[in-house]
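To keep things clear, I will list the structure first and then write my remarks on it.
In the working numbering, the protein residues as written are 2 to 236.
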């Protein structure tokens with residue numbers, strides 16, 4: 002079965018923050034829908050686009066899947082305590098909600114390791130290779146790039162040419178959450194210490210998860226293979 006694209010509208014940080022605000026108020030799904038409809042209507046005219054945007058926001062923060070179910074409670078608590086780190090927390094929830102966002106981040110992260118400039122043409126071709134040349138993906142790529150720009154993960158000086166903007170994350174609780182979410186979504190089993198601190202999924206973030214933090218966090222399991230520390234997730 003083909004993977005669902007789903008991310009057909011661009012998002013803004015304030016819209017994501019508003020969704021979290023409503024969730025933290027303890028509102029029911031139908032009440033969150035009504036409030037988001039009203040909130041988004043100030044910036045979006047089309048009722049269809051309001052509905053699509055609202056459902057994407059709710060898919061990230063309200064509706065649950067196997068991944069978001071495991072991180073949502075922690076994510077909400079972290080945003081409540083550390084609102085200044087809302088962007089990387091939203092990022093992780095988007096990774097958990099949308100596989101196309103995962104693949105976009107991996108591609109940009111890998112490309113950024115070897116080149117300063119990311120071109121839209123390269124990205125499109127690589128995503129088409131992965132997902133197939135579908136109309137839904139064709140339209141979603143531009144929305145994804147607009148979202149990455151709105152989140153200030155990318156900047157664009159020339160049409161179709163992008164550069165990564167680095168965001169430094171100094172909070173160990175937030176960093177632990179980010180690494181946990183990345184490992185959960187990637188589901189590759191074991192990771193080296195270097196791999197968890199330079200994940201392509203988290204390409205715009207500069208962070209360091211210390212070994213001491215790993216040992217103290219029950220979500221992670223540590224092993225020593227061939228003299229090298231390897232990290233996995235506890236069941």
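Ideal placement from N, C-alpha and C gives every residue a C-beta, glycine not left out. As the structure is a prediction and not an experimental result, all values here were calculated from the model.
The DSSP-derived three-state label of residue 120 is strand. With a 10 Å radius around the Cβ and a threshold of 16 neighbouring Cβ atoms, residue 90 comes out buried. Separation of residue 170 and residue 58 (C-alpha to C-alpha, rounded to the nearest whole angstrom) is 24 Å. The residue among 78, 45 and 206 with its C-alpha nearest the C-alpha of residue 152 is 206. At least 8 Å separates the beta-carbon of residue 145 from that of residue 88. Between the alpha carbons of residue 123 and residue 165 lies a gap of roughly 15 Å. The alpha helix (DSSP H) runs lying completely inside the stretch 184 to 212 and spanning 4 residues or more are 194 to 197, given in chain order.
If the five residues before and after residue 12 are omitted, its C-beta is found closer than 6 Å to the C-beta atoms of 148, all from its own chain and listed in chain order. If you draw a straight line from the Cα of residue 176 to the Cα of residue 34, it is about 31 Å long. Comparing alpha-carbon positions, the option among 119, 82 and 142 lying closest to residue 99 turns out to be 142. Contact annotation: residue 186 and residue 103 have beta-carbon atoms nearer than 8 Å.
The Cβ atoms of residue 28 and residue 36 lie closer than 8 Å to each other.
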